[in-house]
Amino acid sequence: MTAVREELPTSQGRSTRGLVPTLIFMGIVVAVVSSLGAPLIPKIATADGVSVTDAQWALTITLLVGAVATPIMGRLGDGPARRTVMLAGLVLVTAGSALAALPTGFATLLVGRGLQGAGLGLTPLTIATARDSLPPHRARPTMAMLSITTVAGVGLGYPVTGLIAEYGGLHLAYWFGALVSLVALLTAGWIVPSSCHLPRARLDVPGAVLLGAGLAALILWISEGDAWGWFSPRSVVAIVVAVVATAAWAGYEVRHQRPLVDLRLLRHRGVLAADVTAVLAGLGMYLLISLVVQFVQTPVGTAGGLGGSVVVAGLVLLPFSAGSFAASRITPALVSRGGGRLLIPAASALALAGTMLFGLLRHNIGELVVVMAVVGLAVGTVFAVMPGMITRAVPAQETGSAMSFNQVLRYVGYSTGSALSAAMLAAHTADGHRYPSASGYTVAAFLGVALWLMSLAAGVLLPTRHRQPAGQTVDEQLLADERIADALPDDERNADRTAALPR
2 MTAVREELPT SQGRSTRGLV PTLIFMGIVV AVVSSLGAPL IPKIATADGV
52 SVTDAQWALT ITLLVGAVAT PIMGRLGDGP ARRTVMLAGL VLVTAGSALA
102 ALPTGFATLL VGRGLQGAGL GLTPLTIATA RDSLPPHRAR PTMAMLSITT
152 VAGVGLGYPV TGLIAEYGGL HLAYWFGALV SLVALLTAGW IVPSSCHLPR
202 ARLDVPGAVL LGAGLAALIL WISEGDAWGW FSPRSVVAIV VAVVATAAWA
252 GYEVRHQRPL VDLRLLRHRG VLAADVTAVL AGLGMYLLIS LVVQFVQTPV
302 GTAGGLGGSV VVAGLVLLPF SAGSFAASRI TPALVSRGGG RLLIPAASAL
352 ALAGTMLFGL LRHNIGELVV VMAVVGLAVG TVFAVMPGMI TRAVPAQETG
402 SAMSFNQVLR YVGYSTGSAL SAAMLAAHTA DGHRYPSASG YTVAAFLGVA
452 LWLMSLAAGV LLPTRHRQPA GQTVDEQLLA DERIADALPD DERNADRTAA
502 LPR
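So the sequence shown is numbered by my numbering: it starts at 2 and just counts up by one.
So this is what it looks like as structure tokens:
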């Protein structure tokens, strides 16, 4: 009986058996793209003759492009072009990886890393594909796994790309990214089903332009504020552009009938809690990751650095991946036992403790391994809980927009956290010196503690009881579909689902 359901055909007449591994592999590609940033920053600075602060843009620009690309790709992917958008995203990632691999200077590397940022917009599309293409009993666990794949994959991707960069050179690491992306492109082209039965989606171009301008100006101010002077004319212009563009974007989106991001969904307190936590958790996560990978590679005797290679820096993050993966397996059971409301405050407290540990104790690799394992478990728990908070709060027809906005806010947090770490360390780097002082790491770590404290407060205060939304939520819809399917004979169930798909 189960075997029949697991091999239901997609809209292209193919079995769904290979769809889940394909979607997860695409998530891993996103992680590989991310891993070509943080651990390689010291190597990029040395190879291209730029400061560590400037080299940090190799990570920040990818996350910034991802924050803008995610709602655009999500909106286009809501219609019949979803498969095309996914393939186009993988083409951009492959091209960006190849461009970054060319030994033509730092500017070309940044352009390539920017193109790679399109890969970060694939995550909500893979979740939507799983929701629409898989039978109910497989859709829910697959969606939860995909939500955590990027976070868990970061710790797996860093050691691999670090090893390649250490022994094969920086450019070979980017060629590896191009190869992985190409394999994902070919696999997705064969396996991912069409969504031609969905209504055509229209892109909100003004919304995309305003959002991009606001985010770019904000990240530019955070990244360059110390070099420019926080209240210099250039800094003031950047922050004014950020505030005006973001305010104009929010006002436009609320009035637009087909917005890029439906901000009205924030009226659901479950969505608001998930979104606030997404920003804070993203900030805290990438702030710590950026600090750890640079600290590990700082020479011994300088700011307490450990003098490790890029491989060691990558391996230190492996416990983060293990902790995140463990959280994705444990969290559903805790939620089903009624403990979901306490998970975000508890996980935030755990991340707070881990970040504080880095601020106080970072004398050897063993201490950093403990820090990353603890924070990985906490971050994995937070991100595993979010999809359920959203799907329980909004009607099924609004879930795609709500999930896309949550993903956008994660990437906003990631890019801001990356830029913030560079700014904090730059502020504690003396003139004529390449590396920051030990106090820079301590101050930055306690900024992370403050972020996790705010996440804890949001988890306690925001998720109050709310009215049941009009219409079925995704959880209710999946349960109803599963109960109906279980009541049908095997042949009738399979025929019913096949008939519902477009020819």
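A virtual CB, placed ideally from N, CA and C, is assigned to each residue, including glycine. Note that the structure is a prediction, hence the values are computed from the model and not measured.
Whole-number beta carbon distance between residue j and residue i, since they are thought to touch under 8 Å
i: V30; j: V94; result: 7 Å
i: L288; j: L448; result: 7 Å
i: A129; j: T143; result: In fact, because the Cβ distance is near 11 Å, the residues do not count as touching under 8 Å.
i: G90; j: A59; result: At roughly 20 Å, the Cβ-Cβ gap does not stay under 8 Å, so G90 and A59 are not in contact.
i: V86; j: L126; result: 7 Å
i: V92; j: L186; result: 6 Å
i: V383; j: I345; result: 6 Å
i: G80; j: R201; result: 5 Å
Contacting residues, own chain, Cβ-Cβ under 6 Å from residue i (five flanking each side not counted)
i: T430; result: P437
i: T54; result: A423, A427
i: G19; result: I192
i: A246; result: L211, A214, G215
i: G115; result: I62, V66
i: M390; result: G271, A275
i: F406; result: V262
i: G360; result: T443, A446, F447
i: A102; result: H172, Y175, W176
i: G78; result: V86, L126
i: A420; result: T61, I220, I223, S224
Through-space distance from residue j to residue i, alpha-carbon basis
i: T162; j: F177; result: 8 Å
i: P207; j: T109; result: 28 Å
i: A347; j: Y168; result: 41 Å
i: S182; j: I45; result: 21 Å
i: F321; j: A282; result: 14 Å
i: T303; j: A439; result: 8 Å
i: D432; j: G97; result: 34 Å
i: R256; j: P300; result: 54 Å
i: L353; j: A279; result: 15 Å
i: V293; j: L369; result: 8 Å
i: V244; j: E254; result: 15 Å
i: P194; j: V184; result: 17 Å
i: A350; j: G324; result: 15 Å
i: Q57; j: R203; result: 35 Å
i: R259; j: D205; result: 7 Å
i: G158; j: A32; result: 6 Å
i: L463; j: R265; result: 16 Å
i: P470; j: L319; result: Confidence at P470 is low in this model, with a pLDDT of 48, below 50, so its placement is unreliable and the value that follows should be read with caution. Distance between the alpha carbons of P470 and L319 is about 40 Å.
i: L147; j: V375; result: 21 Å
i: L358; j: A82; result: 47 Å
i: H364; j: A385; result: 32 Å
i: Y1; j: S224; result: Coverage of the chain is limited to positions 2 through 504, which leaves residue 1 absent and any answer about it impossible.
i: D1; j: G377; result: Given that the chain is displayed from residue 2 to residue 504, the structure contains no residue 1 and the question cannot be resolved.
i: L284; j: V461; result: 19 Å
i: A166; j: L307; result: 19 Å
i: H138; j: I25; result: 17 Å
i: R84; j: A145; result: 21 Å
i: D227; j: S196; result: 47 Å
Limits of the unbroken alpha helix (DSSP H) element including residue i
i: V241; result: 234 to 256
i: G389; result: 366 to 394
i: D55; result: 53 to 56
i: A304; result: Premise fails: A304 is in no alpha helix (DSSP H) and is neither H nor E.
i: G190; result: 171 to 192
i: T85; result: 83 to 102
i: Y436; result: Note, Y436: premise wrong, no alpha helix (DSSP H); not H, not E.
i: G283; result: 270 to 298
i: V336; result: Careful: V336 lies outside any alpha helix (DSSP H) and carries neither H nor E.
i: A129; result: 123 to 134
i: A46; result: 42 to 49
i: G215; result: 206 to 229
i: R114; result: 107 to 117
Within-7 Å CB hit, residue i to chain B
i: M404; result: Of the protein chains in the structure, only one exists, and it is not chain B.
Close beta carbons around residue i, own chain, < 7 Å, minus the five adjacent residues each side
i: V112; result: L100
i: V317; result: V293, V297, I366, L369, V370, M373
i: M27; result: L123, T127, A185, A189
i: A48; result: L171
i: F107; result: D49, V51
i: Q408; result: T71, T124, P125
Residue i Cβ short of 6 Å to the ligand MG heavy atom set
i: G80; result: Looking for the ligand MG in the displayed structure turns up nothing, as the structure carries no ligands at all.
Own chain partners of residue i with C-beta closer than 8 Å, once the 5 adjacent residues on each side are dropped
i: P160; result: V312, G315, L316, L318, L319
i: G230; result: S236
i: V336; result: L344, V386, G389
Check your understanding: Between the region 119 to 129 and the region 64 to 74, are three or more C-beta pairs nearer than 8 Å?
Key -> With a cut-off of 8 Å, the region 64 to 74 and the region 119 to 129 count as touching, because enough Cβ pairs lie within range.
Review point. Can you find at least 3 beta carbon pairs, one from the region 235 to 243 and one from the region 407 to 417, that sit closer than 8 Å?
Key: no
Exercise for review: Pair every Cβ in the region 453 to 460 with every Cβ in the region 262 to 281, then say whether three or more of these pairs are closer than 8 Å.
Suggested key: yes
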